[in-house]
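The block underneath contains the structure these notes are about, expressed in structure tokens.
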Amino acid sequence: MYDKEMLKHVLSAYGPSGREETASEVIKSYVAPYADEVYNDRLGNLIAVKKGTSGKKIMFSAHMDQIGLCVVDIDEKGFLRVTNVGGVNPIISIAREVVFKNGTRGVTFFETEKGAKETTMATLFVDIGCESYEEAAAKVDIGDMCIFAGNFVEMGNKISSPYMDDRIACAALIEAFRTMKSEHDVYAVFTVQEEVGLRGAGPAAFAIEPDINISCDVCGMGDIPNCVRMSVKLGEGATVKAMDSSVIVPVKVREFLKNAADKRGIKWQNEILRSGGTDTGAAQRAGKGTFSGCVSIPTRYIHAPIETIDVRDYEAAVALLRAAAEEKELPRV
Ligand code: CO
Ligand code: ZN
40 MYDKEMLKHV LSAYGPSGRE ETASEVIKSY VAPYADEVYN DRLGNLIAVK KGTSGKKIMF
100 SAHMDQIGLC VVDIDEKGFL RVTNVGGVNP IISIAREVVF KNGTRGVTFF ETEKGAKETT
160 MATLFVDIGC ESYEEAAAKV DIGDMCIFAG NFVEMGNKIS SPYMDDRIAC AALIEAFRTM
220 KSEHDVYAVF TVQEEVGLRG AGPAAFAIEP DINISCDVCG MGDIPNCVRM SVKLGEGATV
280 KAMDSSVIVP VKVREFLKNA ADKRGIKWQN EILRSGGTDT GAAQRAGKGT FSGCVSIPTR
340 YIHAPIETID VRDYEAAVAL LRAAAEEKEL PRV
């Protein structure tokens, strides 16, 4: 069984891109007891290290930032105007609850002169219950960011929550890190600013110079009504990425992951993400280049505040990350 309390805690920690400090502290509290060293780098990436004896380094990376909204203006009636932090669809951002770091809560809506379907970031606004500019400005400043509030909804084997992207992978990496036994130095990196352009993983990989990086993120699926064709299904296991728009994973790295899974009876599926990049690509291009691959957790409704995963895939991802760390032979050029 998985650690549900840890998962809920990690899913709900505040941490939009560039403001990951709270999420970093929460994650640190779970990995520190199992690490030889834990630190944040200059960008804010959280890095937990377990020392091995092989002289090899394996890096795992999961991004801890989340998409959100950033305040650009406050009007005379106290309504907030916002812009997106990362890939936020304005139409599915209306009629939502949001929360700021200081606990200020609000709700979103759109200018009703036009239809909901025509909502853009420019016509979306946040109502924090204030009646004047002064009252609102006392609670929220220009540049502050809010995230979508939401619940942890259990539906059989499925769980829905905002920010499965990518906190479900952060939780999987926490679970794997605290139970893995590796001969290699293991670097568990919880990266910043993935959602705004894969900004954290590259500098982390540059500094660590791992023999291999395995990122862990969410990926899409093809098992909901009338969606774009994709072979990935919820409940069929963690995925081994072949390609996304940031990376083509070397065959040797894919074979390494598939063999590690097959030896232990871990369920996996092949994944090709038609659009969207991941830290996998940023790590691949860091320094002189890094062997880089990715294990993903199939997710429905990515970047909507009801992202849905299957617990069995989560557990398979934990097992596969642990398996990769426990392999004696890492892929070589
Ligand atoms: Co994302
Ligand atoms: Zn992600």
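So for the sequence shown, our numbering puts the first residue at 40; every next one is plus one.
Idealized CB from N, CA, C, for every residue including glycine.
In this structure, Glu173 has its beta carbon at no less than 7 Å from each heavy atom of the ligand ZN.
The closest CA to that of Asp224, considering only Asp75, Gln323, Tyr69, Thr61, is found on Asp75. Annotated three-state conformation of Gln323 is helix, per DSSP.
For Val257, the distance from the CB to the nearest heavy atom of the ligand ZN is below 7 Å. Apart from the 5 residues on each side of it in sequence, Ala356 sits with its Cβ closer than 6 Å to the Cβ of Ala211, Ala277, Val334, Ile336 in its chain, given in chain order.
Judged by DSSP in its simplified three-state form, Val121 adopts strand.
Taken through DSSP and simplified to helix, strand or coil, Ile97 comes out as strand. Comparing alpha-carbon positions, the option among Ala299, Arg238, Glu173 lying closest to Ala101 turns out to be Arg238.
Relative to the ligand CO, the beta carbon of Glu234 is positioned inside 7 Å of a heavy atom. Here Cys255 carries a strand assignment [DSSP, helix/strand/coil].
According to the DSSP assignment, Cys185 belongs to no alpha helix (DSSP H) but to the beta strand (DSSP E) extending over 184-187. Counting only residues of its own chain and dropping the five nearest sequence neighbours on each side, Gly182 has a CB closer than 8 Å to the CB of Cys109, Val110.
Exclusion of Asp283 from the 7 Å shell around the ligand ZN follows from its C-beta lying no nearer than that to any non-hydrogen atom of the ligand. Out of Phe148, Gly236, Thr92, Trp307, the CA that lies nearest to the CA of Ser285 is found in Gly236.
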